[in-house]
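A quick write-up on the structure given underneath.
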Amino acid sequence: MHYTANHSSRPLAIAVIGTGISGMAAAWLLSKRHNITVYEKNDRVGGHSNTATIEQGTDRIPVDTGFIVYNERNYPNLTALFSHLDVATEPSDMSFSASLGDGSFEYSGTGLGGLFAQPRNLLRPRMWSMLRDLRRFYREASVDASGTDTGMTLGDYLRDNNYSKSFIYDHILPMGAAIWSTPAKEMLDYPLFSFIRFCDNHGLLQLKDRPAWRTVTGGSREYVDKLTASFSDRILLNTGVTSIQRKPDGVMIEDRQGDIRWFDHVVIAAHANETLDMLTDIEKAERQLLGTIRYERNLAILHSDNRLMPRTRKAWASWNFMGQDSNINDKVSVTYWMNRLQTLNSDTNLFVSLNPLIQPRENSI
């Protein structure tokens, strides 16, 4: 979202609010021709791109806790940006596992060894029913959702097409919850058209020709540092914006320190709810649009506690959905195995857990 005032061909005074990828990219481009000021409410730049440093002896291990992976097929602009900035990347792994019922049913998508990591899975009707419907979903879903968006939800589609409870609650809802960081039960209300389109674009409805995932070598801070290097002296850290007012001759911004600055343009690269709080002269249509966007608050913890992973070692994967029962969790709980995602040079297993079902041991955090 941007606000503007009339201007000539002179370099403009432009404010950018927020330093997530959108704010950083906007500031990087605009700084080449204009006078920019970047506001960031936190004490660091990067937003969702956040790299922690773990010290192990003389080694310093960079571990990402937000943005971790991308692929060139679905993220061509990000790929081009990394190439332009000479950001080094390397292959990653995006395997998925589910641990349900306090570890009583576990599997992973790392091959036959992962599917049958628990030998009793071979004799479980629950497993075979899930696999049968998984093949059917791969085959039929993209065709069924190829027409006009009718507003059908994922839950409606699964019910109307008689998908088994094992497929729904043991696979599709845990997978969706892990992808969108939302409670599994809420995935039933997710728009079918958007769900299928995302899965199709990312190769999740096929076993072959899936996108090759990559991660930034050295952690996402490597690209953040390169992207912000040319305007780092114009970033105001710990400077949240309290009000934005449109005036006939410009846009007035007041920050938490009470300082007021005037700009020709303002780029708001913040969440919709944050934007609503900053705008003092918001119009009805803007309020309605921004107010429809909801957010789910999640807690992420970096640790080394194996108890937050599947109990069966062969079921470990890069993304691990952890649930007592996927249909009753109030919060999604996922553990990311960072050694596998980032190919970390560490003898210690490092994890990032989202809303862990149990608190990691204090000495592991």
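Going by our numbering, 218 is the number at position 226 of the sequence shown; the sequence numbering is gapless. For each residue, glycine too, the CB sits at the ideal point set by N, CA and C.
Leu228 in three-state terms, based on DSSP: Working through the sequence shown from its first residue, we reach residue 228 at position 236. Leu228: strand per DSSP, three-state reduction.
Considering His257, what are the terminal residues of the beta strand (DSSP E) in which it resides? Position 265 of the sequence shown holds residue 257. Here the beta strand (DSSP E) through His257 covers 257 to 260.
Between which two residues does the alpha helix (DSSP H) holding Phe187 run? Counted from its first residue, the sequence shown places residue 187 at position 195. Its alpha helix (DSSP H) spans residues 184 to 193.
Which residue's Cα is closest to the Cα of Gln110: Leu342, Asp322, Arg305, Ala262? One-based indexing of the sequence shown puts residue 110 at position 118. The shortest Cα separation from Gln110 among Leu342, Asp322, Arg305, Ala262 belongs to Arg305.
Where do the N-terminal and C-terminal ends of the beta strand (DSSP E) with Met314 fall, by residue? Within the sequence shown, residue 314 is the residue found at index 322, counting from 1. Met314 -> beta strand (DSSP E) spans 311 to 314.
For Gly3, the three-state DSSP class (helix, strand or coil): Taking the first residue of the sequence shown as position 1, residue 3 is located at position 11. In the sequence as presented, Gly is not what sits at residue 3; that position holds Pro. Looking at Pro3 - three-state DSSP - the assignment turns out to be coil, as it is neither helix nor strand.
Buried or exposed: which applies to Arg213, given that a residue is buried once 16 or more other Cβ atoms fall within 10 Å of its Cβ? Here residue 213 refers to the residue found at position 221 of the sequence shown. By the 10 Å Cβ count, Arg213 comes out buried.
Just tell me which of Pro3, Gly39, Ile46, Thr43 has its CA closest to the CA of Ile28. In the sequence shown, the residue the question calls residue 28 occupies position 36. Of Pro3, Gly39, Ile46, Thr43, the residue nearest in Cα terms is Pro3.
Among Arg289, Ile236, Glu266, Ala262, which residue has its Cα nearest to the Cα of Trp254? Mapped onto the sequence shown, residue 254 falls at position 262. Comparing Cα-Cα distances from Trp254 to each of Arg289, Ile236, Glu266, Ala262, the minimum goes to Ile236.
Checking the sheet assignment: what are the DSSP bridge partners for Ser91? Within the sequence shown, the letter at position 99 stands for residue 91. Note: Ser91 sits in a beta bridge opposite Glu98, Met314.
Helix, strand or coil for Phe223? Go by DSSP, reduced to three states. If you number the sequence shown from 1, residue 223 lands on position 231. Helix, per DSSP.
In the structure shown, what three-state DSSP assignment does Leu349 receive? The count along the sequence shown starts at 1 and reaches residue 349 at position 357. Secondary structure of Leu349 (DSSP, three-state): coil.
My guess is that Glu300 and Ser338 are in contact by the Cβ rule of under 8 Å, so how many angstroms apart are they, rounded? Taking the first residue of the sequence shown as position 1, residue 300 is located at position 308. Taking the first residue of the sequence shown as position 1, residue 338 is located at position 346. In the sequence on display, residue 300 carries Leu and not Glu. 17 Å between Cβ atoms; not a contact.
Proximity of Ile6 and His26 at Cβ, strictly below 8 Å: Translated into the one-based positions of the sequence shown, residue 6 becomes position 14. Translated into the one-based positions of the sequence shown, residue 26 becomes position 34. Cβ atoms of Ile6 and His26: closer than 8 Å.
Would you call the CB atoms of Gly10 and Ala261 closer than 8 Å? For the purposes of this step, residue 10 is taken as residue 18 along the sequence shown, with counting starting at 1. For the purposes of this step, residue 261 is taken as residue 269 along the sequence shown, with counting starting at 1. For Gly10 and Ala261, yes; Cβs fall inside 8 Å.
Rounding to the nearest angstrom, what Cα-Cα distance links Val243 and Asn230 in this structure? Locating residue 243 in the sequence shown gives position 251, counting from the first residue. Locating residue 230 in the sequence shown gives position 238, counting from the first residue. Cα-Cα distance, rounded: 21 Å.
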